[in-house]
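Q: Below is a structure I'd like to ask you about.
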Amino acid sequence: RLVGSWELANATGGSQNSKTKTGFVSRVATALASGAFPELSPSMLLPQAQLLLRAAPATLQPAGDYATQTSPLPKAGAATGRIVAVIGAVVDVQFDEGLPPILNALKMQGRETRLVLEVAQNLKEGQKVLDSGAPVKIPVGPETLGRIMNVTGEPIDEGGPIKTKQFAAIYAEALEFMEMNVEQEILVTGIKVVDLLAPYAKGGKIGLFAGAGVGKAVLMLELINNIAKAHGGYSVVAGVGERTSEGNDLYHEMIESGVINLKDATSKVSVLLGRIPSAVGYQPTLAADMGAMQERITTTGKGSITSVQAIYVPADDLTAPAPATTFAHLDATTALSHAIAELGIYLAVDPLDFSSRIMDPNIVGSEHCDVARGVEKMLQDYKSLQDIIAILSVNELSEEDKLTVFRARKIRHFLSQPFQVAEVFTDHMGKLVPLKETIKGFQQILAFYMVGPIEEAVAKADKRAEEHS
């Protein structure tokens with residue numbers, strides 16, 4: 001009777017029948033409370049209750065067949081299965097013969113719109129399911145530039161279908177070792193603190209570790225902006241499990257971006273699929289899944305793919321399973337700090353929590369390494385004095401320690417930089433700083449250490465520059 005009431009309410013469509021739908025919800029709640037469904041649990045009825053929040057079926061737009069573009073019709077002898085159970089977002093399909101390979105896309109038979117396996121809508125036991133004969137494929141090529149699509153390749157930016165004849169599977173094997181380019185080259189980002197202390201490698205994997213509201217998204221947008229202007233490169237964002245606000249910013253502010261977020265999505269799917277979670281709710285195959293994805297990011301003779309991965313650190317705990325698993329695959333790491341952000345210094349990067357595999361004199365040069373090490377030493381000395389400053393104040397320090405504190409604070413402020421993507425918020429024009437200018441600026445600040453008059457500091461800086469030239 002309740003199902004019949006819902007079908008009657010839904011058939012009239014739209015929001016004009018809100019009273020009928022509200023009455024249906026009340027009847028379902030009353031029936032659940034009175035135990036009218038002893039054989040069903042409330043969780044099994046949850047998808048039906050969620051349907052009340054969806055738009056009327058008339059608003060659904062016919063979608064293309066992007067996910068199985070190369071196989072629009074089932075091949076001769078293609079396996080046909082039937083739905084035997086629907087539990088939340090998981091659909092169990094039984095195949096009597098011809099079991100399809102893992103990762104193949106399954107298509108619903110007799111449906112005008114594409115199936116969204118988020119709620120149990122219009123699904124029933126015994127409904128036939130066809131094996132498409134191929135994995136999920138998405139459109140690729142120049143026609144996809146500036147477009148936004150979902151994981152099955154369907155455009156979701158209201159820009160019409162993507163007119164391309166090129167499609168690629170979302171799952172692929174990693175390149176052979178002989179195809180990779182082993183030469184190391186720095187990727188200049190134009191951001192001083194990054195280029196100086198932890199330079200990024202072309203074709204490398206970079207991790208941005210931070211808690212909530214520290215500046216991961218702004219840093220990524222600035223990297224996208226600088227890569228496009230300085231290198232003429234393309235940027236792609238892959239957001240999995242992203243919040244609505246971030247997806248909205250992506251659509252309205254910048255269409256080209258560069259982020260990968262795999263771990264949190266698999267944490268949620270792991271529970272749905274019935275896998276036993278390991279630590280803190282993540283699936284036990286987190287390391288294997290992460291490794292398979294990371295191995296596909298590399299450099300070849302044709303070009304390079306540099307991955308910038310924003311990793312959310314819950315409660316600033318870098319030992320959490322997701323950050324700890326990602327660390328093993330990264331070539332460089334950048335950590336953003338709430339303590340730096342509270343000082344009003346942006347980018348709020350912790351200069352002592354950097355690492356880079358290419359910070360080597362043979363790759364970046366001896367001058368770069370010497371200046372970076374000098375900056376780190378100055379900041380580390382200042383950090384070691386902070387406890388004394390908090391208790392006794394700066395006035396109780398020795399003259400040499402006072403100079404260390406003042407110079408370290410100058411360096412810390414010089415590490416800040418206005419971003420072009422944040423001009424509307426800061427009222428400061430964004431700057432893209434070349435690597436040579438960055439090294440020169442910090443070299444001149446370090447030259448003030450252990451000198452007399454200002455002329456001696458300038459001469460010392462010039463001498464250091466000549467030694468490394």
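Heads up: the sequence shown begins at 1 in full-length UniProt numbering, then just goes up one per residue. Even for Gly, the Cβ is constructed at its ideal location relative to N, Cα and C. Predicted model, so just to flag it, every value in this text is computed and none were measured.
Under a Cβ-count criterion, where at least 16 other Cβ atoms within 10 Å of its own Cβ denotes burial, should Pro142 be classed as buried or exposed?
A: Per the 10 Å Cβ criterion, exposed.
Q: List the whole-angstrom C-beta distance separating Gly153 from Lys137, where the pair is believed to meet the contact cut-off of C-beta under 8 Å.
A: With 8 Å as the limit, Gly153 and Lys137 qualify as a contact, their Cβ atoms being about 7 Å apart.
Q: Among Gln127, Val371, Asp96 and Glu97, whose alpha-carbon lies nearest the alpha-carbon of Ala85?
A: Gln127
Q: Can you tell me where the beta strand (DSSP E) with Asn104 in it begins and where it stops?
A: Asn104 to Met108
Q: Could you tell me which whole alpha helix (DSSP H) segments of length 4 or greater appear in the region 152 to 182?
A: none
Q: Using beta-carbon positions only, say whether Ser307 and Ile206 come within less than 8 Å of one another.
A: Less than 8 Å separates the beta-carbon of Ser307 from that of Ile206.
Q: When you compare each of Asp92, Ile358 and Pro434 to Lys229 by their alpha carbons, which one comes out closest?
A: Pro434
Q: Under DSSP, the beta strand (DSSP E) around Val86 begins and ends at which residues?
A: Thr80 to Ile87
Q: Return the residue from the list Glu183, Met220, Asp360 and Ala172 that minimises the CA-CA distance to Thr189.
A: Met220
Q: Can you grab the Cα-Cα spacing for the pair Val424 / Glu455, in whole Å?
A: 40 Å
Q: So, for Lys383: in the same chain, excluding its five sequence neighbours on each side, which residues have a beta-carbon less than 7 Å away from its beta-carbon?
A: Cβ neighbours of Lys383 beyond the five flanking positions: Leu352.
Q: Is Asp131 helix, strand or coil by DSSP?
A: In the three-state reduction of the DSSP assignment, Asp131 falls in the strand class.
Q: With burial defined as no fewer than 16 other Cβ atoms inside 10 Å of the residue's Cβ, what is the status of Ala56: buried or exposed?
A: Residue confidence is low: Ala56 scores 33 on pLDDT, short of 50, so the model does not pin down where it sits. Its coordinate-derived value is still stated next. Label assigned to Ala56: exposed.
Q: Along the beta strand (DSSP E) that carries Lys205, what are the first and last residues, could you check?
A: Residues Lys205 to Ala210.
Q: Answer with buried or exposed for Arg464, where buried requires no fewer than 16 other C-beta atoms within 10 angstroms of its C-beta.
A: Residue environment analysis places Arg464 among the buried positions, since at least 16 neighbouring C-beta atoms fall within 10 angstroms of its C-beta.
Q: Would you say Pro139 and Ile170 are within 8 Å of each other, going by their C-beta atoms?
A: Result no, Cβ atoms of Pro139 and Ile170 do not sit closer than 8 Å.
Q: Within the chosen definition, does the region 387 to 401 reach the region 314 to 333 through at least 3 CB pairs nearer than 8 Å?
A: Touching, no.
Q: Is the Cβ-Cβ distance between Ala461 and Gln444 less than 8 Å?
A: yes
Q: Over what stretch of residues does the alpha helix (DSSP H) that includes Thr361 continue unbroken?
A: For the sequence presented, residue 361 should be read as Pro rather than Thr. First-last of the alpha helix (DSSP H) with Pro361: Pro361 to Val364.
Q: Spatial neighbours of Ile363 within its chain, please: C-beta separation below 6 Å, excluding the five flanking residues on both sides.
A: The answer, listed in chain order, is Gln184.
Q: In the DSSP assignment, the alpha helix (DSSP H) including Thr333 goes from what residue to what residue?
A: Careful: Thr333 lies outside any alpha helix (DSSP H), inside the beta strand (DSSP E) at Ala332 to Leu336.
Q: Tell me the DSSP secondary structure of residue 470 in three-state form.
A: Summary: the structure shown does not reach residue 470, with the chain confined to residues 1 through 469, and so no result is reported for it.
Q: Among Ala217, Val375 and Arg357, which residue has its Cα nearest to the Cα of Ala201?
A: Arg357
Q: Which of the three DSSP states, helix, strand or coil, is assigned to Ala327?
A: Looking at the sequence shown, residue 327 is not Ala but Phe. Phe327 sits in a helix when the DSSP states are folded into three classes.
Q: Please check the pair Ala332 and Ala198, which I expect to be a contact at CB under 8 Å, by giving their CB distance rounded to whole angstroms.
A: 5 Å
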